[in-house]
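Below: one structure, written as structure tokens.
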Amino acid sequence: MSLTKRQRWTLLATVSIGLLLITLDNSILYTALPLLTEELGANGSQTLWIINAYPVVIVGLLLGAGTLGDRVGHRRMFLIGLVIFGVASAAAAFSPSPAWLIASRAVIAVGAAAMMPATLALIRLSFDVERERNFAIAVWGTVSVVGSAIGPIVGGLLLEHFWWGSVFLIGIPFVVIALIATVVVAPPNDPDPSKHWDAISSLQAMVGLVGAVFLLKELANVPPNWTVVVLGAVAAGLGLTSFVRRQQRSNDPLLDFAIFRNRAFSAGVLAAAISMFAVSGAQLMTTQRFQLVEGFTPLEAGLLVTVVAIGSLPTSLLGGLYLDRVGLLPLIAGGMAVSAIGTAVMIFGIEDHLFWLMVAGLLISGIGLGAVMSVASTAIVGNVSARRAGMASSVEEVSYEFGSLIAVAVLGSMLNFIYSATVRLPPGTPAVARSSLTEAIGVAQGDQAIVGAANAAFDNGFLVTMIVLTVVLALGAAATARLLRHYGPGSRSQEFSDNH
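Under our numbering, the first residue of the sequence shown carries the number 12, and numbering increases by one thereafter.
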């Protein structure tokens, strides 16, 4: 596909709208969750699934969606995804029950899975000049960071004036704009009928990945449901094993594992997963803590976590602009190290009750993550050939979504476990108060002894999750530094050869 400069940047703006929708849709629920849970009468498990249904379905579908886009055309996949996303969002907004909302969120994820690989693949196919492509992907990564960061603010603003369903309706105007822009300015669809799309491999990948998610999620619960653990382990083992064997026998695999031999590609995948784990974990834990413990409104909590985006914006754009001079090593490994310092500062801020220090920690963490996320995607899609753009984009998106999903599932379960294990409630307090801070506040009826004990236990859990984030970021910095030791200043992208 050969486009003029104006067409290329118009296309970038169009697919960025789609990406903004996808990232906004998940984080917008962080501030809306307490009210939404109350209004719908959702229990603890349903509350987690209202968030988790979206990334679980996306993770399961992404690998197949990217390769299908190589066959039918990424423009067509983008348009189909937009329509599904918009219709399902309207259904979610008027959900009469938690089950309906969970199902609607799953369908929204189907649309997102169709769109996500298409957004990055279209950039990879449209920008031929490496420096220009690096900056375009940095803009794409910045939109992802901004979408995740402003979601809690948008949610808070909407809840100040409207009912909870408005957090889903807000995306529909963007769907309409993106549909019109794609039809008017995007180049014609460019399918490749010679590409083989393996539906069986897609099903195997979906079963394996979803099984792995259920397994990890349930193992994080205490006590775990061993039936779910066993079923998840069996699904993950059978699905992923059969998937790997089928790819090794196929002449045109859904996923060519040889691409992981490229160290920059592998480092990009690892960096994408860890950075989204950190962003999602910090945002979810922080918004919940300051609403439930400090009494912040949804808008105030949303504004607080926007500090991450403020820190990330300059480093994200500059990282993409100067990648060819600086190299992947300092941006990815160095960025994660800076972010680890930021989460450590947050811990000291909470421990010493210094709000300004905690905000400074969020800012520092954002500065580091901006550098990582601006070039992690470049490391992935820039190190494969153009004809594997859909495959690489799918791997990239699976990395981001898996990181986000694991953050919500594992850190959320860890927080609840530590709360239940450490809370010291006054004698005579109803047992239900031990299950969560929300339940404790509900039964306290103004009893400050109950509220104080519950808040202290919740803070114990918050601090432990922040320590986990710090350790994961530090380990990620060390691992990517080793992988990228030859990708320092002055190094160039090394594209994967189809003959590998």
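Idealized CB from N, CA, C, for every residue including glycine.
From a predicted model like this one, the values you see are computed outputs, not experimental measurements.
If you draw a straight line from the alpha carbon of residue i to that of residue j, how long is it in whole angstroms?
i	j	result
P66	W151	19 Å
A129	S159	19 Å
L30	L180	16 Å
G3	I164	There is simply no residue 3 to check, as the chain begins at 12 and stops at 511 in what is shown.
V98	A489	44 Å
G122	R82	18 Å
S388	V157	16 Å
S376	H364	19 Å
V462	P437	10 Å
A103	S177	10 Å
A320	I161	8 Å
R256	A64	28 Å
V57	V194	Sequence inspection shows Gln at residue 57; the Val mentioned does not correspond to that position. The alpha-carbon atoms of Q57 and V194 are separated by roughly 38 Å.
H382	T326	Checking the sequence, you will find Ala at residue 382 rather than His. Using only the alpha carbons, I get a separation of about 5 Å.
L328	T440	52 Å
Q505	F173	Interpretation of Q505 is limited by its pLDDT of 45, a score under 50 that renders its predicted location unreliable; no figure is taken from the coordinates.
S424	K228	8 Å
I28	A403	21 Å
I481	R445	Contrary to the premise, residue 481 reads as Thr rather than Ile in this sequence. Each residue's alpha carbon lies about 28 Å from the other.
F469	N427	8 Å
Q18	S405	24 Å
S38	L295	8 Å
S108	S137	43 Å
P184	L190	10 Å
S155	G167	19 Å
N145	L334	7 Å
P309	L368	21 Å
V239	A246	10 Å
L486	L281	11 Å
V392	G52	43 Å
R503	A492	Reliability fails at R503, whose pLDDT of 48 lies under 50, so the model's placement of it is uncertain and the value that follows must be treated cautiously. Taking the straight line joining both Cα atoms gives about 16 Å.
E49	W175	10 Å
I91	Q456	50 Å
R260	A269	13 Å
L59	L422	11 Å
F507	F271	With a pLDDT of 41 at F507, under the threshold of 50, the modelled position of that residue is not reliable, and no figure is offered here.
G353	R142	30 Å
A464	V140	59 Å
T15	V26	17 Å
M384	G292	15 Å
G414	F105	29 Å
D263	G80	15 Å
L339	I478	26 Å
M357	A371	7 Å
N466	D458	12 Å
Between residue i and residue j, is the Cβ-Cβ spacing less than 7 Å?
i	j	result
L226	G243	yes
M127	I33	yes
I73	A124	Per the sequence shown, residue 73 should be read as Leu rather than Ile. Yes, these two residues count as a Cβ contact at 7 Å.
H278	A390	With the sequence shown as reference, residue 278 is identified as Ala, and His is not the correct amino acid for it. A contact, by the Cβ cut-off of 7 Å.
L46	R274	no
G330	V386	yes
A117	V68	yes
L169	G219	no
V221	T21	no
A147	I134	yes
L374	V318	yes
T42	T298	yes
L484	A289	yes
F254	A216	yes
G379	D201	no
E311	V70	no
Legend entry - 3-residue-minimum beta strand (DSSP E) runs that sit fully inside the region 348 to 430, ordered along the chain: none
Inset, instruction - Pair every Cβ in the region 84 to 98 with every Cβ in the region 423 to 434, then say whether three or more of these pairs are closer than 8 Å. - result: no
Legend entry - Inter-stretch contact (C-beta, 8 Å, three-pair minimum) for the region 448 to 459 and the region 298 to 306: yes
Inset, instruction - Only counting runs of 4 or more residues, tell me where the alpha helix (DSSP H) segments fall wholly within the region 82 to 166, in order along the chain. - result: 85 to 104, 109 to 137
Legend entry - Contact the region 273 to 289 vs the region 335 to 355: 3+ CB pairs below 8 Å: yes
Inset, instruction - May I have a chain-ordered list of the alpha helix (DSSP H) segments no shorter than 4 residues that lie completely inside the region 171 to 215? - result: 177 to 180, 183 to 196
Legend entry - Minimum length 3: unbroken beta strand (DSSP E) runs contained in the region 12 to 79: none
Inset, instruction - Can you check the region 227 to 255 for any alpha helix (DSSP H) of at least 4 residues that lies completely inside it and give the ranges in chain order? - result: none
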